[in-house]
Amino acid sequence: MSTQLTSVTVILNNEVIGIVPNSLTYDDGHGEQQLRPVSIGGGKTETTYAEDVESNYGMVSFDVHATIDNIATTRAAKLNKNKNVLQLVAENVDGDFTRTFTGAAITGKVEVSIASEGNISLQFQTNPAI
Numbered sequence: 203m204s205t206q207l208t209s210v211t212v213i214l215n216n217e218v219i220g221i222v223p224n225s226l227t228y229d230d231g232h233g234e235q236q237l238r239p240v241s242i243g244g245g246k247t248e249t250t251y252a253e254d255v256e257s258n259y260g261m262v263s264f265d266v267h268a269t270i271d272n273i274a275t276t277r278a279a280k281l282n283k284n285k286n287v288l289q290l291v292a293e294n295v296d297g298d299f300t301r302t303f304t305g306a307a308i309t310g311k312v313e314v315s316i317a318s319e320g321n322i323s324l325q326f327q328t329n330p331a332i
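Residues in the sequence shown are numbered consecutively from 203, following my numbering.
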């Protein structure tokens, strides 16, 4: 029986950042694949494997609290374009978990919610995970 991962350390450009619990999602960046049928005669088919290389990019998203430090970190990451590195690190009784994403860029707008429970939602597009 395995144990669910519920707490992951997020490291952005060698700095640990605190994230809102349960807000982290990621995609390794292996893209989309298709099986395409081809006719081989006699009413039979085989499949051809195809990989959509345009979709071979990773994605990491999470929320942080809208603090002065997090606003500065977010701004620096946005201005750093695709030169950011994200690492996700966790350990539990089943072993260690690590994913490293290079070439990470915040490609969308960054909206800061200034409120007592305000957050900043971040989404990075990246090279496929290492």
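All C-beta atoms in this analysis are idealised placements derived from N, C-alpha and C, irrespective of residue type, glycine included.
Alpha carbon of residue i to alpha carbon of residue j, nearest angstrom
i	j	result
GLY260	LEU237	22 angstroms
GLU217	ILE316	24 angstroms
THR227	THR247	38 angstroms
THR276	GLU253	33 angstroms
GLU319	ASP296	34 angstroms
VAL222	ALA331	22 angstroms
ILE219	ALA274	12 angstroms
Endpoints, alpha helix (DSSP H) assigned at residue i
i	result
THR304	THR304 -> not in any alpha helix (DSSP H); beta strand (DSSP E) instead, spanning 297–308.
Residue i and residue j closer than 7 angstroms at C-beta
i	j	result
VAL266	ILE322	yes
GLY310	GLN325	yes
THR205	ASN286	no
GLU234	SER257	yes
LEU288	VAL210	no
VAL255	LYS280	no
Cβ separation of residue i and residue j, assumed to be a contact under 8 angstroms, to the nearest whole Å
i	j	result
PHE299	THR328	Their Cβ separation, rounded to whole angstroms, is 17 angstroms, which puts PHE299 and THR328 out of contact at 8 angstroms.
DSSP state of residue i mapped onto helix, strand, coil
i	result
THR275	helix
ILE270	helix
LEU333	Residue 333 lies beyond the range of the chain shown here (203 to 332); nothing can be said about it.
VAL255	helix
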